[in-house]
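Input: a single structure, listed below in structure tokens.
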Amino acid sequence: MKNKTAFITGATSGIGMATAKLFAKNGLKLILCGRREDRLKKLSKELSTFTEVHTLSFDVRNKEAVFSAVNSLPKQFSEIDILINNAGNAHGMDTIDEGNIDDWDAMLDINVKGLLYVSKAILPKMMERKSGHIINIGSTAGKEVYPKGNVYCASKHAVDAINQGMRLDLNGKGIKVGAINPGLVETEFSEVRFKGDSEKAEKVYQGYTPLKPEDIADIIWFAVTRPPHVNIADLTVMCLDQASSTIVNKAS
Ligand code: NDP
Ligand code: 8X3
0 MKNKTAFITG ATSGIGMATA KLFAKNGLKL ILCGRREDRL KKLSKELSTF
50 TEVHTLSFDV RNKEAVFSAV NSLPKQFSEI DILINNAGNA HGMDTIDEGN
100 IDDWDAMLDI NVKGLLYVSK AILPKMMERK SGHIINIGST AGKEVYPKGN
150 VYCASKHAVD AINQGMRLDL NGKGIKVGAI NPGLVETEFS EVRFKGDSEK
200 AEKVYQGYTP LKPEDIADII WFAVTRPPHV NIADLTVMCL DQASSTIVNK
250 AS
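Number 171 in numbering that gives the first Met the number 0 belongs to position 172 of the sequence shown; there are no gaps in the numbering.
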């Protein structure tokens with residue numbers, strides 16, 4: 000794995016950051032992405048003791064910015080072996096009649112279209128080299144809809160469909176495609192969903208032991224370290240206290 004280069008979207012927080020740290024400790028060259036430049040700088044400094052790091056700050060919603068960022072990569076970072084399509088969030092949690100249209104736009108533009116733009120920008124070189132590995136971060140929300148989850152669940156169901164479609168279309172091209180679908184993971188996810196209302200965000204994880212971002216990073220690492228003929232196509236993971244999108248045992 001030491002000579003491989005990984006491109007991680009959403010590396011400034013949560014699952015993406017934990018994955019960046021684990022990859023760095025294992026010596027992968029890293030391209031770390033996110034909008035918050037201060038965090039990218041800090042992370043890059045921290046991980047540069049382990050490996051070479053390049054940062055790209057762009058909003059995945061902006062297709063020109065996505066393509067110009069990917070096309071700006073210095074030569075030593077231009078051959079991407081692993082793409083972790085992780086950037087994304089939920090915005091709001093409302094019934095469909097009360098939902099905020101700007102939240103709907105954000106979720107569909109970031110979680111679905113952003114993932115497509117980044118993949119489209121990175122795929123040509125993987126196709127040329129007949130080699131690559133794309134991991135799409137889906138969700139249990141991409142397998143099952145929960146009350147007030149409507150559009151977030153739709154965006155993650157779309158990730159599930161895109162993951163399947165990518166795998167079909169890239170079959171025979173030497174490129175692995177797979178999804179990791181986490182259940183509840185304690186990250187900044189709920190802070191973002193509830194627009195900075197920390198009390199509401201904390202309540203999501205009260206009374207049970209949620210997954211940690213490092214748990215998902217471990218699974219991503221497992222997926223990328225399988226032998227060449229093995230592709231983890233679709234993996235769903237929940238914490239022990241969670242049985243489905245709606246059933247979480249809060250009495251542990
Ligand atoms: P965090 O909020 O901790 O991290 C989200 C990351 O996405 C940040 O690095 C953020 O960077 C980036 N991001 C968000 N919007 C944009 C944008 N417009 N352009 C570029 N980057 C963006 O959440 P998680 O780590 O939990 O989420 C990561 C992924 O995991 C998401 O796809 C989420 O849907 C999925 N997931 C999360 C679960 C959970 O319970 N936490 C469960 C299942 C799936 P920045 O703000 O700097 O741009
Ligand atoms: C994040 C998990 O259950 O909050 O995708 O939708 S959930």
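Built from N, CA and C at the ideal position, the CB exists for glycine as well.
- Under the three-state reduction of DSSP, C32 is assigned to strand.
- In this structure, D108 and H90 do not form a Cβ contact; the two beta carbons are roughly 10 Å apart against a cut-off of 8 Å.
- Note: A232 is not bridge-paired with any residue in the DSSP secondary-structure output.
- Rounded to whole angstroms, S130 and D214 show a C-alpha spacing of 27 Å.
- The continuous beta strand (DSSP E) containing F6 extends over residues 4-7.
- Judged by DSSP in its simplified three-state form, Q75 adopts helix.
- Counting the other Cβ atoms within 10 Å of the Cβ of N135 gives 16 or more, which makes it buried.
- For K28 against T11, the beta-carbon gap comes to about 18 Å, at or over 8 Å, which does not count as contact.
- For the ligand 8X3, no non-hydrogen atom lies closer than 7 Å to the CB of S47.
- The closest CA to that of R60, considering only Y116, S189, L21, is found on Y116.
- Rounded to whole angstroms, T94 and R35 show a C-alpha spacing of 30 Å.
- Within the DSSP bridge table, the entry for I83 names I7, I134 as partners.
- Near the ligand 8X3, meaning a Cβ closer than 5 Å to any of its heavy atoms, lie the following residues in chain order: S138, A140.
- Comparing alpha-carbon positions, the option among W220, C238, L239 lying closest to I231 turns out to be W220.
- G113 sits buried, since 16 or more C-beta atoms from the chains shown fall within 10 Å of its C-beta.
- Going by beta carbons, K211 and E185 fall inside the 8 Å limit.
- Under the Cβ criterion (8 Å, minimum of three pairs), the region 154-167 does not count as touching the region 201-210.
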